[in-house]
Amino acid sequence: MTSAAQTCDIAIIGGGLVGASLAVALAPLNLRIVLIEATPPPRGAPSWDERCIALNAASQQIVAGLGLWDALRPSAVPILSTHISERGRFGVARFTAEQAGLPALGYNVPIRAIGAVFADAAAKTSMQTLMPAKLKSLLPAGDVVRLGVNTQEGEIELQAQLVIAADGARSTVRELLGIGAETRDYQQSAIVTAIRPQRAHRGVAYERFLPSGPLAVLPKPDDAQGQACSLVWTVASENCAGYLALDDEQFLAAAEDAFGERLGRFTALGRRVAYPLERVISERLSAPRVLFLGNAAQSLHPVAAQGFNLGLRDVANLAEVLAEPGDRGTSERLARYEAQRERDRARVAGFTDGLVRLFSNAVPGLRALRHLGLLALDLTPPLKQAVLQQNLGYGASVPALARRHG
Ligand SMILES: Cc1cc2nc3c(=O)[nH]c(=O)nc-3n(C[C@H](O)[C@H](O)[C@H](O)COP(=O)(O)OP(=O)(O)OC[C@H]3O[C@@H](n4cnc5c(N)ncnc54)[C@H](O)[C@@H]3O)c2cc1C
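Sequential numbering of the sequence shown, starting at -14, is according to this note's numbering.
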């Protein structure tokens, strides 16, 4: 380890979607920021993969507030309505942008495009990036935290006023501090790929609940015919390898059978990638001079497409808390961040988990209840408005960045 430790105001651990967006959000504060990311370029952070992210309306506002929406817009397909159904049941819930009084309920964007836009913007800031570099040790020491980081040049020591853990569901920071997490293995995996259905999607995001888990078909950009969709199919983990081993024709036929006939035949296919699904909720959002956000704070099932949207609201709230000058790592600031995030976090984590459990259960009484629930949701305006506001990202406290362009 080098003798003279480098000092900085803020060390961000993890340069995934959340760490990168935080770096951009903090740029106007002119702080000395060091971002540490384990995965080497050119692929960059591992989250820059095959997935699309459904950005909700509040997230779109946050991205616009960061000055990045114009760069992202060409890669974004508007979601004009959602259609939620359950296999074998008549009940359907529909939400439209018109009901919300918005041009779109949200936008589906390839994660690679979000990654590229945020990485370009972060590169233009004065932030220092250590990549590939891995956090190895962490020791709170009075007014600073001492960090040991493995880089290609050897191990270096850093001192930061505040450490922000954006290092994902298996957070090293959490582990080094001995903070526990509530985990639940859903024993489900999401298979993600691209398809082109016979009929145009017309901006509709479909979600169909099956006994094995939800299957979503969402509008996808990057297609000359304007008909591509991304397929997110949740299957029991024990059957996942079998689905991955099918040839394209067999896989498409199985997906079509699971989804039903609404969009006609599925005719084209991209690469298939599977993600095991688990819920990981950190027992704490802070420790002395340390904060957790994004998946390091809460990693959720993708059923309601809430994970990154929630992480972006973490970022927006934290940028507000850190805006005032002075020591950025005081316990008062940390407490303020926690208080602002508590309700939103609990609500979204509870809503997401409840949805998975309700629809994964094959008990007959529950099925009838779900059926009634879907119908009630479609027929009861106040209930529908409440769920709609939640899905748009306006369910709890709304950070200023999410309101700025409203
Ligand atoms: C199938 C699927 C579909 C999804 N769809 C949606 C959606 O439509 N909408 C939505 O809002 N969300 C969605 N999500 C959730 C979303 O992908 C995540 O919430 C988001 O990517 C989390 O980003 P993050 O930066 O917090 O964590 P991560 O992406 O996990 O990034 C953590 C980073 O930290 C780095 N790191 C880890 N340890 C160290 C260390 N010791 N030192 C240095 N660096 C380290 C890692 O290399 C990584 O780059 C989906 C998730 C899945 C699985």
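Idealized CB from N, CA, C, for every residue including glycine. As the structure is a prediction and not an experimental result, all values here were calculated from the model.
Selection from the options that minimises the alpha carbon distance to residue i
| i | options | result |
| --- | --- | --- |
| Arg269 | Ala320, Glu246, Ala226 | Ala320 |
| Arg256 | Pro273, Ala282, Ile176 | Ile176 |
| Gly153 | Asn41, Gly296, Leu195 | Gly296 |
| Ala201 | Gln283, Gly335, Leu87, Ala243 | Ala243 |
| Gln211 | Ala166, Phe194, Gly245, Pro182 | First, the residue type needs correcting, since residue 211 is Gly and not Gln in the sequence shown. The residue with the shortest Cα to Cα distance from Gly211 is Pro182. |
| Lys205 | Ser267, Glu223, Tyr260, Arg58 | Arg58 |
| Arg169 | Ser156, Lys109, Gly314, Leu262 | Leu262 |
| Ala23 | Arg332, Leu231, Ser156, Glu35 | Ser156 |
| Asp233 | Glu223, Ile180, Thr114 | Ile180 |
| Arg330 | Arg318, Asn280, Ser345 | Asn280 |
| Arg184 | Ala213, Leu16, Tyr171, Glu192 | Ala213 |
| Thr136 | Lys119, Trp54, Val148, Ile149 | Lys119 |
| Pro384 | Leu14, Leu16, Asp299, Arg193 | Asp299 |
| Glu223 | Ala259, Glu160, Ala42, Ala56 | Ala259 |
Residue i vs residue j beta-carbon contact at 8 Å
| i | j | result |
| --- | --- | --- |
| Ile47 | Ile18 | no |
| Pro117 | Pro25 | yes |
| Phe103 | Ser6 | yes |
| Val288 | Val341 | yes |
| Leu162 | Val275 | yes |
| Val130 | Leu123 | yes |
| Ile69 | Ala89 | no |
| Leu307 | Ala85 | no |
| Leu237 | Leu254 | yes |
| Ser174 | Val220 | yes |
| Ala151 | Gly4 | yes |
| Arg326 | Asn294 | no |
| Ser284 | Glu323 | no |
| Ala107 | Ala240 | no |
| Tyr379 | His286 | no |
| Leu100 | Leu203 | Residue identity differs from the one stated: residue 100 is Gly in this sequence, not Leu. Against a cut-off of 8 Å, the Cβ pair of Leu203 and Gly100 comes out as no contact. |
| Leu216 | Thr178 | yes |
Range covered by the alpha helix (DSSP H) that runs through residue i
| i | result |
| --- | --- |
| Ile164 | Element bounds for Ile164: n/a, residue is neither H nor E. |
| Ser70 | Element bounds for Ser70: not the alpha helix (DSSP H) but the beta strand (DSSP E), 66 to 71. |
| Asn93 | No alpha helix (DSSP H) holds Asn93; the beta strand (DSSP E) holding it covers 91 to 95. |
| Thr219 | Unbroken run through Thr219 is the beta strand (DSSP E), 214 to 221; no alpha helix (DSSP H). |
| Tyr322 | 316 to 345 |
| Glu234 | 233 to 244 |
| Val9 | 2 to 11 |
| Gly249 | That residue, Gly249, is in no alpha helix (DSSP H); it is neither H nor E in DSSP. |
beta-carbon residue i near ligand 1 non-hydrogen atom, thresh 7 Å
| i | result |
| --- | --- |
| Leu120 | yes |
| Gly133 | no |
| Asn280 | yes |
| Thr114 | no |
| Gln(-9) | no |
| Asn294 | yes |
| Val3 | yes |
| Ala151 | yes |
| Ala108 | no |
| Ile(-2) | yes |
| Tyr322 | no |
| Gln291 | yes |
| Ile64 | no |
| Tyr260 | yes |
| Ala98 | no |
First and last residue of the uninterrupted beta strand (DSSP E) at residue i
| i | result |
| --- | --- |
| Arg131 | 129 to 136 |
| Ala259 | 258 to 267 |
| Glu140 | 139 to 150 |
| Leu40 | 37 to 41 |
| Glu192 | 189 to 195 |
Cut-off 6 Å between Cβ atoms - residues of its own chain near residue i, not counting five sequence neighbours on either side
| i | result |
| --- | --- |
| Ala61 | Tyr92, Val94 |
| Thr67 | Phe80, Ala190 |
| Ala290 | Ala39 |
| Arg389 | With a pLDDT of 47 at Arg389, under the threshold of 50, the predicted position of this residue should be treated as unreliable, though the coordinate-derived value follows. Gly50, listed in sequence order. |
| Gln144 | Ala(-10), Thr(-8), Val129, Arg131 |
| Gln113 | Val19 |
| Pro125 | Pro273, Arg274 |
| Thr110 | Ala12 |
Own chain partners of residue i with C-beta closer than 7 Å, once the 5 adjacent residues on each side are dropped
| i | result |
| --- | --- |
| Leu195 | Arg72, Ala243 |
| Asp312 | Gln146 |
| Gly133 | Met(-14), Lys121, Ser122, Glu140, Glu142 |
| Gly391 | Note that Gly391 scores 38 on pLDDT, short of 50, meaning its location in the model is unreliable and no value can be drawn from it. |
| Arg304 | According to the sequence displayed, residue 304 carries Ala and not Arg. For Ala304, where only same-chain residues beyond five positions count, the Cβ hits under 7 Å are Ala10, Leu11, Leu386. |
| Ala82 | Leu65, Ser66, Pro88, Ala89, Leu90 |
Proximity test, residue i beta-carbon vs ligand 2 heavy atom, cut-off 7 Å
| i | result |
| --- | --- |
| Tyr171 | With respect to ligand 2, the structure offers nothing, as its ligand set consists of ligand 1. |
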